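In what follows, a structure is listed as structure tokens, so that the remarks can point back to it.
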């Protein structure tokens with residue numbers, strides 16, 4: 001066999017008795033876009049750490065350019081042209097754009113002194129390569145997620161990268177930003193750089209990659225050319241079970257809506273929002289980042305109360321000025337960034353679940369009734385299928401999907417009537433996503449009204465009976481859930497695009 | 001220069017100018033060379049301490065043990081030199097104190113880097129241990145008969161003149177040491193890989209390791225270097241006081257940390273400059289030394305400094321919150 005850029009043969013790796021990688025092999029050719037797919041916890045991240053020299057394998061060999069490399073360390077891996085862009089981008093919020101891009105290279109060259117003008121120059125060149133223009137002296141903490149990612153890519157290019165590994169690069173990006181990223185990746189491929197793309201979003205996997213390697217439970221299941229695979233096969237290999245695509249439909253709604261807004265506005269964020277959610281409905285809400293959709297959700301939940309307009313619950317006008325008001329009126333909100341907004345990561349699953357209903361867990365002395373808590377928590381873990389070895393384990397030990405379920409459990413424990421979900425499956429793998437959707441549908445079936453904010457078109461299509469599209473703070477259209485395709489989205493969104501330039505991209509507005 | 005006016009150094013500088021103007025307008029003696037020199041003299045030892053604290057806070061930690069290290073180093077070094085019973089040069093005395101400080105600082109560094117212990121807990125613990133060890137095993141009585149070269153160094157003035165009013169004012173030689181430390185650290189933080197490494201460590205320690213910094217080395221370096229500087233600062237204190245007191249300097253740590261934070265060094269790590277730390281110190285020293293000139297009783301100084309910290313950091317925090325919440329309207 002001719003030599004490949006990198007070959008991993010029969011890699012085994014255990015951590016404290018957990019067998020994370022079992023006889024895994026991976027081969028990446030020169031200049032190919034390779035996709036590594038698999039559910040969370042299947043060993044993808046460990047494999048990346050092995051090839052970047054962070055973890056040494058227990059058994060197995062690593063060959064780079066055909067050469068056997070034993071005892072590979074991170075600096076050697078970088079010098080061999082392997083660059084990893086981690087999910088958090090590994091960038092420094094406190095440093096400038098220029099420094100973030102250029103410092104790596106200077107460090108790898110074992111420089112002792114810093115030459116600022118040279119660093120700015122190299123950073124400029126790197127940004128040019130990717131084709132973006134950023135203020136070199138800006139501190140990175142003020143930039144959007146997409147810009148941070150571009151910085152991470154530019155940095156990877158700095159060091160004559162031959163292989164760039166991207167770990168879930170699209171998780172925090174909007175559709176538009178994902179398109180921009182794909183263009184960058186195509187450009188890199190033209191320059192002869194190999195890409196290993198780690199993802200569990202099926203659309204991306206097929207759109208980008210030439211070859212796909214699928215892992216499950218620490219083993220690689222299959223490594224195949226992308227055109228030999230299809231969606232069904234891929235899902236099957238990843239999850240080991242058949243998942244069929246279905247739609248959520250309900251009959252025509254009449255009667256009093258659970259939640260109705262009339263001309264709801266928040267100065268500078270959104271205006272004239274009139275929408276209604278009936279019992280049993282799952283209403284999708286989409287739009288670009290910065291379209292005002294998150295602000296709308298936060299206004300309905302009382303985080304940033306609306307400045308004018310009215311909100312009706314079961315036909316009664318209500319005033320929602322605070323989160324307490326929203327909770328009193330049976331409105332629950334599961335925020336977008338479950339890690340920073342929704343959970344106490346260090347605390348146990350149990351505590352996270354009961355925190356919003358701690359009042360209901362009291363005994364007659366006003367103390368917390370341990371037995372009550374235990375049984376409530378156990379029932380939620382069972383109902384939502386949370387995979388945890390103990391309810392007392394800290395939440396941070398769970399996978400993304402399971403964390404999301406804990407957040408759901410927390411809010412469901414308060415038995416809300418209206419549930420607002422912001423990006424419910426961001427960073428969640430296919431199997432868990434399917435389970436979360438199932439849970440949401442069941443809840444809607446029991447008469448709950450759901451407002452689901454998402455960028456994920458298939459998710460909206462499969463889960464929602466109606467989808468609303470927002471743009472520049474206004475609702476600009478509505479479509480039936482099952483027919484909400486990319487084309488419908490573009491049509492709705494671009495229909496009113498003639499009045500001004502593109503919407504400004506802002507990381508901190510949504 | 002919109003960006004320049006947004007820095008916290010700029011705000012501290014304005015507060016200092018306002019304070020100077022206010023005190024000066026009430027009491028003309030404030031601007032006298034005697035008082036100005038007094039301000040500088042009061043900043044010589046704390047000047048090195050704020051530089052130390054700034055480095056530690058930028059690296060994402062906090063160090064409350066530097067006064068204990070300084071005291072331990074100066075007192076033990078003085079004792080050792082007295083025991084040797086011959087005139088070691090001043091240079092050797094400073095070096096000895098520095099090396100003792102380096103050793104103590106490395107104890108902090110090793111505990112923090114290799115056992116991943118919280119920096120506040122480690123330095124609180126070692127601070128008390130160093131001080132206790134010193135008083136138990138080395139000595140608890142003040143040494144007033146310093147070795148002659150140290151005595152001489154303390155008396156030597158770098159600038160000295162007599163004002164019209166007939167008062168002799170001057171600055172001790174040690175002001176040059178502080179100036180050198182300030183310049184050295186300023187260059188190190190901005191233009192060396194180690195300096196930038198300290199910033200990355202405070203920004204995101206995991207990422208710092210990923211891009212290839214040896215974070216354990218960096219942490220040992222920070223605490224070791226800070227220990228070294230604290231030892232030097234201790235020896236300066238000895239020469240300026242013309243005596244070595246084993247309970248001197250203890251308890252100054254909070255005021256130093258306050259100065260650093262007032263100067264815009266973010267307590268959460270990763271942000272801060274030498275200029276800012278020095279401005280913070282100038283503000284605090286001015287309040288300590290000169291409020292008395294406008295008739296504000298000395299008990300109030302503590303209150304004023306506390307209020308400044310609350311207002312200073314509060315305003316900074318509020319601005320950060322505002323700037324991240326500030327949204328240009330998306331309605332077009």
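Protein chains in written order, with UniProt numbering: chain A, 1 to 510; chain B, 1 to 332.
Glycine is no exception: its CB is placed at the ideal position from the N, C-alpha and C atoms.
Bear in mind that the values here come from a model prediction, so they are computed numbers and not experimental data.
Return the bridge partner residues of residue i from the DSSP annotation.
{"i": "residue 192 of chain B", "result": "A:113"}
{"i": "residue 15 of chain A", "result": "A:18"}
{"i": "residue 7 of chain A", "result": "A:27, A:63"}
{"i": "residue 57 of chain B", "result": "Partner(s): none; residue 57 of chain B has no beta bridge."}
{"i": "residue 286 of chain A", "result": "A:469"}
{"i": "residue 139 of chain A", "result": "A:96"}
{"i": "residue 479 of chain A", "result": "A:467"}
{"i": "residue 311 of chain A", "result": "A:261, A:318"}
{"i": "residue 348 of chain A", "result": "A:394"}
{"i": "residue 277 of chain A", "result": "A:259"}
Please name the residue in the options whose C-alpha comes closest to that of residue i.
{"i": "residue 258 of chain A", "options": "A:14, A:419, A:49", "result": "A:419"}
{"i": "residue 15 of chain B", "options": "B:272, B:263, B:273", "result": "B:263"}
{"i": "residue 150 of chain B", "options": "B:82, B:107, B:71, B:140", "result": "B:82"}
{"i": "residue 180 of chain A", "options": "A:165, A:196, A:204, A:193", "result": "A:204"}
{"i": "residue 62 of chain B", "options": "B:299, B:223, B:287, B:283", "result": "B:223"}
{"i": "residue 451 of chain A", "options": "A:468, A:445, A:436", "result": "A:468"}
{"i": "residue 210 of chain A", "options": "A:43, A:223, A:200", "result": "A:223"}
{"i": "residue 431 of chain A", "options": "A:39, A:10, A:6", "result": "A:39"}
{"i": "residue 259 of chain B", "options": "B:106, B:305, B:219, B:27", "result": "B:305"}
At a Cβ threshold of 8 Å, is residue i touching chain A?
{"i": "residue 224 of chain B", "result": "no"}
{"i": "residue 11 of chain B", "result": "no"}
{"i": "residue 338 of chain B", "result": "Since the first residue shown for chain B is 1 and the last is 332, residue 338 of chain B is missing from the structure and cannot be characterised."}
{"i": "residue 59 of chain B", "result": "no"}
{"i": "residue 275 of chain B", "result": "no"}
{"i": "residue 207 of chain B", "result": "yes"}
{"i": "residue 164 of chain B", "result": "no"}
{"i": "residue 196 of chain B", "result": "yes"}
{"i": "residue 87 of chain B", "result": "no"}
{"i": "residue 2 of chain B", "result": "Bear in mind that the predicted position of residue 2 of chain B carries a pLDDT of just 45, short of 50, making it too unreliable to give a figure here."}
For chain B, is any of its Cβ atoms less than 8 Å away from the one on residue i?
{"i": "residue 74 of chain A", "result": "yes"}
{"i": "residue 336 of chain A", "result": "no"}
{"i": "residue 108 of chain A", "result": "yes"}
{"i": "residue 505 of chain A", "result": "Only weak support exists for where residue 505 of chain A lies, its pLDDT of 37 falling under 50; the coordinates are left without a value."}
{"i": "residue 91 of chain A", "result": "yes"}
{"i": "residue 490 of chain A", "result": "no"}
{"i": "residue 118 of chain A", "result": "no"}
{"i": "residue 94 of chain A", "result": "yes"}
{"i": "residue 134 of chain A", "result": "no"}
{"i": "residue 85 of chain A", "result": "no"}
{"i": "residue 497 of chain A", "result": "Residue placement at residue 497 of chain A is poorly supported in this model, since its pLDDT is 47, which falls under 50; the coordinates are not used for a value here."}
{"i": "residue 15 of chain A", "result": "no"}
{"i": "residue 422 of chain A", "result": "no"}
Between which two residues does the beta strand (DSSP E) holding residue i run?
{"i": "residue 266 of chain A", "result": "259 to 266"}
{"i": "residue 167 of chain A", "result": "163 to 167"}
{"i": "residue 90 of chain B", "result": "No beta strand (DSSP E) holds residue 90 of chain B; the alpha helix (DSSP H) holding it covers 90 to 115."}
{"i": "residue 157 of chain B", "result": "157 to 162"}
{"i": "residue 471 of chain A", "result": "466 to 471"}
{"i": "residue 197 of chain A", "result": "194 to 199"}
{"i": "residue 18 of chain B", "result": "Unbroken run through residue 18 of chain B is the alpha helix (DSSP H), 8 to 26; no beta strand (DSSP E)."}
{"i": "residue 131 of chain A", "result": "Per DSSP, residue 131 of chain A belongs to no beta strand (DSSP E) and is neither H nor E."}
{"i": "residue 270 of chain A", "result": "270 to 273"}
Tell me where the alpha helix (DSSP H) around residue i begins and ends.
{"i": "residue 333 of chain A", "result": "First-last for residue 333 of chain A: 331 to 334, but that is the beta strand (DSSP E), not the alpha helix (DSSP H)."}
{"i": "residue 169 of chain B", "result": "Run containing residue 169 of chain B: none in the alpha helix (DSSP H); it sits in the beta strand (DSSP E), 168 to 172."}
{"i": "residue 293 of chain A", "result": "293 to 300"}
{"i": "residue 453 of chain A", "result": "It is not in any alpha helix (DSSP H) - residue 453 of chain A instead sits in the beta strand (DSSP E) that spans 449 to 453."}
{"i": "residue 266 of chain B", "result": "Per DSSP, residue 266 of chain B belongs to no alpha helix (DSSP H) and is neither H nor E."}
{"i": "residue 145 of chain B", "result": "No alpha helix (DSSP H) holds residue 145 of chain B; DSSP gives it neither H nor E."}
Is the beta carbon of residue i within less than 7 Å of some heavy atom of the ligand FMN?
{"i": "residue 228 of chain B", "result": "The ligand content of the structure shown is nil, which means the ligand FMN is not present either."}
Exercise. In chain order, which alpha helix (DSSP H) runs of at least 4 residues are fully inside the stretch 379 to 444 of chain A?
Worked result: Listed in chain order, the complete alpha helix (DSSP H) runs (minimum 4 residues) inside the stretch 379 to 444 of chain A are 400 to 413.
Exercise. Which runs of the alpha helix (DSSP H) spanning at least 4 residues fall entirely within the stretch 27 to 114 of chain A, listed in chain order?
Worked result: List check, alpha helix (DSSP H) in window: 44 to 51, 74 to 79, 97 to 108.
Exercise. What alpha helix (DSSP H) runs, 4 residues minimum, are completely inside the stretch 200 to 246 of chain B?
Worked result: Qualifying alpha helix (DSSP H) stretches, in chain order: 205 to 210, 215 to 241.
Problem set entry | In chain order, each alpha helix (DSSP H) run of at least 4 residues that lies wholly inside the stretch 269 to 302 of chain B | Runs of the alpha helix (DSSP H) inside the stretch 269 to 302 of chain B: 274 to 290.
Problem set entry | Runs of beta strand (DSSP E) wholly within the stretch 209 to 233 of chain A (minimum 3 residues, chain order) | Runs of the beta strand (DSSP E) inside the stretch 209 to 233 of chain A: 211 to 216, 219 to 225.
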